[in-house]
Amino acid sequence: MAQRKSNTPQSPESKAKRKNPATILFEEVSGGSLAVPLLAILSGLLLGGLIIVLTTEEMYARIAGGDILGGLGTGIGAALKSYAALFTGSIGDPGRIFSALQNGDALSIRRAFNPFLESLVQSTPYIFAGLAVALGFRTGLFNIGAEGQLFIGALASVWVGFSLEGLPSIIHIPLALLAGAAGGALWGFIPGLLKAKAGAHEVINTIMMNYVAFRLSEYLLRGPLRRPETFNPVSPFIEDSAKLPRFFEAPIRFHLGFFIALGLAYVVYYFLFKTTWGFNLRTVGANPHAARYAGINIVWSTMLAMSLSGALAGLAGANEVLGVNYNLAVAFSSGYGFDAIALALLGKSHPLGVVLSALLFGFLRNGAIRMQVSAGIPIDIISVLQAFIIAFIAAPAIVRTIYRVRLQTEGETTFVSGWGGS
Amino acid sequence: MATVLELRGITKRFPGVLANDHIDLTLNKGEIHALLGENGAGKTTLMNILYGLYKPDEGEIYIHGQKVSIDTPSASIAAGVGMVHQHFMLIPVFTITENVMLGEESMRGGLFLDRETAAGRIREISESYGLAVNPYAYVKDLAVGVQQRVEIIKLLYREADILILDEPTAVLTPQEADDLFKIMRNLAAAGKSIIFITHKLREVLDVADRITVIRLGHVVGSTTPSEASQRSLASMMVGREVILHVDRAPATPGKPVLTVENLQVLDDRNNLAVDGVSLEVREGEILGVAGVQGNGQTELVEALTGLRAPLSGKIAMLEKDITHAAPRAITELGAGHIPEDRQEDGLVLTYSVADNLALQTYYRPPFAKGPVLQERTILSNAVDLIEKFDVRTPGPAIRVGALSGGNQQKVIVAREFSRPTRLMIASQPTRGLDVGSIEYIHSRLVEKRNEGTAVLMVSSELDEILELSDRIAVIYRGRIVDVLQAGEATKELLGLLMAGIDPMEARKLGAEKAG
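Structure follows, in structure tokens:
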């Protein structure tokens, strides 16, 4: 795959060898061009900025008052201020980081790095859920049910987290994570089974399963799983032994889940691209007819892929419960499972791409909070921004046209054949 | 004779490849001009330039003596050039009239489709050129040959007078192809000019007025059917002497490898597609299954390879019952399968050549250790097979979808033939391939048979059946109507049997004709 672009007869191997592995991997992810995703993000930011400018009421007031230039300046100023807030909110204030490092004061260093670490915390569930959807995509399955699987995973892991007492962390944490994975796997397995055995389309069934999951969690949180001392639909807090360890003192929430997510991204990569099981799933996704011809069991592959996808989504829920919230409330997920669909597309269903897109989403989300507080820009502008970026990624022709990026793959499909038959 | 179209010095470069190198071509009024060349020789590129899909890097196009620039397909249509693509562009749930009108709707009151006027024009066209169709039939109910007629009517409806037919016979039965040739002659007689792209030598000699041969983007030469022979055209195309006949010793059949008894198989629409087939393929023989496409061959092969569950009957391979066995179980018994539709069934187009070469064996040592794929072994296996089977690819890591059709087929042949097999099921093994590839695949099939493999070859190409088979089973409407020895089969006899003529009758007729 790495040599995809070298369509000339002259020693393509040697050409590929000269590239470093990271470039090759990135090309695999981005489909050959590194420029397009980056330009898509840039375009998204520019358009988002334009919307901030256009929604600045003060600008219109000044323009109406005759001060056109001043008005425009106000609008652009607002956009710049918003993005500055987005930056400091998601990555940190460079000045503060610098002076904290100079002081060497532990507390101020922690504070200065908190935005960055918090962004990683926000990215973590996106990684899990994005991997879930990407694995489905690779098998040719559209798992819209990550959100529901995430809820079931969260329910299962919170239950294991608070109901088992007296276990050491080394046992309790894996157990709670496994419970989350198992819950999600079950929720993915059901539509997988229906698809494989009855041909019922997974899109419909995963959506239905989402509703069942939402209502089921509501019922459980109002009834059997409700914290006894309250009337709110929240679960009890999990035992300390089930909490994913945090690396720094409060208020920094950065926890082990991030590294578990990264590790899992590698595992998913290895599974998909380096094992026979992954080969089975990818073949089913790429060409089910050829998969059947090659003797791959499609029924089994479909069920496996949906279960694994569900398990990954379930871990996203478990991660939030065990690493961030320590309990479960009805509305604990802010749509990670749905954002994950966009994110998997953005990352071309490749684990590395998913991690990078998840980081992008996490940083944007986290920065947006600061943007709202200090620049007064509603947090929803981030959804608009994400939508723009995804639209640009999904339609690379637009980006190529705007920025005149040459399409290097033009004619390739036709012209390797140019000297093929001779 | 008036020149209607002239291409001068057309050159088109793609990164690393010179697809068309200063190609000159003239087309006269009322002429059928065959453009002959192997897959990847640059025929399609040239026609796509003429059709406005590509822009030439150099060169000029003149239509009726006027220099034109064709940037889009609509410009080409406006200039009177129309193209019938290999894959039809029809909407199955629309009627013929609706399909023909599409994009050029005649309206009544500016709001309602005027189907009657359009249908009237279609009738006119169909009568004046002998293109028999019912304007109100739905396209989904039409045979492939008739669908092709609709495509031609579409062009005539738009008043094209230069028609490009891209490999029009690839999808047709021999009878349908003959009908098409009649239509082409009618069109030419009525003053239309036709460019006929193909790599089938016999057709060129049958129907063309003039022949231009292209190789590697160059015009190699121009000739006429009266001056040329299949052999001379083949060597022009390939650039060397081509052996059109495979030498083979008489078969020495051994034990039966595949035994089929009274097999019944349903097709996708639950019609009985295979209706009580019994046959036997033995070691060291090629059994050819001849028949017009759509007489149950596809379903038969799918049942034999485990891709479709039979309704009743029995299939045994090497005395093992495989009637309901899974594809992989049959493969592991030693069956190889060259599927009818190579891009749909035989290959994963987005995978590399190496992965496709391992598609039947990736899960076993030495290609996998436990569940872990051994990429190095897969790659070195690919390097081996690419060399041994002469697959033309820039490297083993290239996407197989980027190769030409002939090389894609070679990838499949390499994969299936490199495994030890007792049975080889080859379905339309050379469909759409060029002479060089056909020659190659034929000799490999005979080689397999000489090694003692039982070969079942399904083909709708009579030449191929006659060339390779030791015995020939003729299939008609899901039944084997007759089994002939290679010696007694003639083209005429096979043609009659394939058309469903009773064997006794057919033999009598065949003998009369021969006599």
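From first to last, the protein sequence lines stand for chains A and B. Reading the first sequence from the start, the letters are residues 0 to 421 in numbering that gives the first Met the number 0. Reading the second sequence from the start, the letters are residues 0 to 514 in numbering that gives the first Met the number 0. C-beta atoms are modelled at their ideal positions from N, C-alpha and C, and glycine is treated no differently.
State yes or no: is the beta carbon of residue i nearer than 8 Å to at least one beta carbon in chain A?
{"i": "Thr-10(B)", "result": "no"}
{"i": "Leu-346(B)", "result": "yes"}
{"i": "Pro-326(B)", "result": "yes"}
{"i": "Leu-303(B)", "result": "no"}
{"i": "Gln-292(B)", "result": "no"}
{"i": "Asp-501(B)", "result": "no"}
{"i": "Leu-358(B)", "result": "yes"}
{"i": "Pro-419(B)", "result": "no"}
{"i": "Thr-330(B)", "result": "yes"}
{"i": "Ala-367(B)", "result": "yes"}
{"i": "Ala-510(B)", "result": "no"}
{"i": "Arg-7(B)", "result": "no"}
Just tell me which of the options has its CA closest to the CA of residue i.
{"i": "Ile-151(B)", "options": "Ala-136(B), Ala-131(B) and Tyr-135(B)", "result": "Ala-131(B)"}
{"i": "Ala-396(B)", "options": "Asp-389(B), Ala-381(B) and Pro-370(B)", "result": "Ala-381(B)"}
{"i": "Asp-23(B)", "options": "Thr-211(B), Lys-139(B), Leu-346(B) and Met-497(B)", "result": "Thr-211(B)"}
{"i": "Ile-203(A)", "options": "Asp-239(A), Arg-221(A) and Ala-145(A)", "result": "Ala-145(A)"}
{"i": "Phe-278(A)", "options": "Val-218(B), Ile-337(B) and Ala-353(B)", "result": "Ala-353(B)"}
{"i": "Ala-118(B)", "options": "Leu-110(B), Val-399(B) and Val-99(B)", "result": "Val-99(B)"}
{"i": "Ala-317(A)", "options": "Leu-215(A), Gly-152(A) and Ala-341(A)", "result": "Gly-152(A)"}
{"i": "Val-3(B)", "options": "Glu-504(B), Pro-365(B), Val-80(B) and Asn-19(B)", "result": "Val-80(B)"}
{"i": "Ile-437(B)", "options": "His-198(B), Glu-97(B), Arg-7(B) and Ala-324(B)", "result": "His-198(B)"}
{"i": "Asp-515(B)", "options": "Ile-90(B), Leu-186(B), Arg-341(B) and Ala-187(B)", "result": "Absent from the structure is residue 515(B), since the part of chain B shown begins at 0 and ends at 514."}
{"i": "Ser-379(B)", "options": "Pro-370(B), Gly-369(B), Pro-365(B) and Val-371(B)", "result": "Pro-365(B)"}
{"i": "Ser-234(A)", "options": "Leu-243(A), Pro-223(A) and Ala-241(A)", "result": "Pro-223(A)"}
{"i": "Val-259(B)", "options": "Glu-491(B), Leu-45(B), Arg-478(B) and Ser-105(B)", "result": "Arg-478(B)"}
{"i": "Val-454(B)", "options": "Leu-358(B), Glu-282(B), Arg-418(B) and Pro-338(B)", "result": "Glu-282(B)"}
{"i": "Ser-73(B)", "options": "Val-412(B), Pro-393(B), Arg-214(B) and Arg-157(B)", "result": "Arg-157(B)"}
{"i": "Phe-253(A)", "options": "Leu-106(A), Ser-300(A), Ala-99(A) and Glu-117(A)", "result": "Glu-117(A)"}
{"i": "Ile-385(B)", "options": "Lys-368(B), Arg-414(B), Gly-369(B) and Tyr-361(B)", "result": "Arg-414(B)"}
{"i": "Gly-43(A)", "options": "Ser-382(A), Arg-403(A) and Thr-400(A)", "result": "Ser-382(A)"}
{"i": "Leu-422(B)", "options": "Gly-293(B), Arg-268(B), Gly-333(B) and Ser-468(B)", "result": "Gly-333(B)"}
{"i": "Gly-144(B)", "options": "Gly-305(B), Gly-404(B), Leu-179(B) and His-217(B)", "result": "Leu-179(B)"}
Verify the CB distance criterion: does residue i have a CB-CB separation below 8 Å to chain B?
{"i": "Asn-365(A)", "result": "no"}
{"i": "Tyr-402(A)", "result": "no"}
{"i": "Ala-396(A)", "result": "no"}
{"i": "Gln-2(A)", "result": "The pLDDT assigned to Gln-2(A) is 38, lower than 50, so where the model puts this residue is not dependable, and the model offers no usable value."}
{"i": "Ala-34(A)", "result": "no"}
{"i": "Leu-351(A)", "result": "no"}
{"i": "Thr-7(A)", "result": "Residue placement at Thr-7(A) cannot be trusted, given a pLDDT of 36 that sits under 50; what the coordinates show is reported in the next sentence. Chain B, which has a Cβ nearer than 8 Å to the Cβ of Thr-7(A), makes this yes."}
So residue i contacts chain A; which residues on that side make the cut at Cβ distance below 8 Å?
{"i": "Leu-306(B)", "result": "Arg-291 and Tyr-292"}
{"i": "Val-371(B)", "result": "Lys-273, Thr-274 and Thr-275"}
{"i": "Ala-142(B)", "result": "Those within 8 Å of Ala-142(B) in chain A number zero; the least Cβ separation is about 24 Å."}
{"i": "Pro-338(B)", "result": "Tyr-292"}
Strictly by DSSP, which residues pair up with residue i?
{"i": "Pro-255(B)", "result": "Arg-281(B)"}
{"i": "Arg-209(B)", "result": "His-32(B)"}
{"i": "Gln-427(B)", "result": "DSSP output for Gln-427(B) lists no bridge partner at all."}
{"i": "Ser-351(B)", "result": "Arg-398(B)"}
{"i": "Thr-25(B)", "result": "Glu-5(B)"}
{"i": "Arg-214(B)", "result": "His-217(B)"}
{"i": "Ile-194(B)", "result": "His-32(B) and Ile-163(B)"}
{"i": "Met-82(B)", "result": "Ile-163(B)"}
{"i": "Ile-474(B)", "result": "Ile-479(B)"}
{"i": "Gln-407(B)", "result": "Beta-bridge pairing links Gln-407(B) to no other residue."}
Under 7 Å between beta-carbons, which chain B residues line up against residue i? List them in chain order, please.
{"i": "His-288(A)", "result": "Glu-343 and Asp-344"}
Just to make sure I have the definition right: I need the residues of chain B whose C-beta is within less than 9 Å of the C-beta of residue i. Which are they?
{"i": "Ala-285(A)", "result": "Val-347, Leu-348, Thr-349 and Tyr-350"}
If the cut is a Cβ gap below 7 Å, which residues of chain A does residue i touch?
{"i": "Ser-361(B)", "result": "Sequence check: residue 361(B) is Tyr here, not Ser. The contacting residues are Thr-275 and Phe-278."}
Mind checking the segment 84–117 of chain B against chain A and listing, in chain order, the residues whose C-beta falls within less than 8 Å of any C-beta there? none
For the segment 181–200 of chain A, which residues have a CB atom closer than 9 Å to at least one CB atom of chain B, in sequence order? none
Using a Cβ-Cβ cutoff of 7 Å, what residues of the segment 266–282 of chain A are near chain B? List them in chain order. Lys-273, Thr-274, Thr-275, Trp-276, Phe-278 and Thr-282
With 8 Å as the C-beta to C-beta threshold (strictly closer), list the residues of the segment 32–57 of chain B near chain A in chain order. Glu-37, Asn-38, Gly-39, Ala-40, Gly-41, Thr-43 and Thr-44
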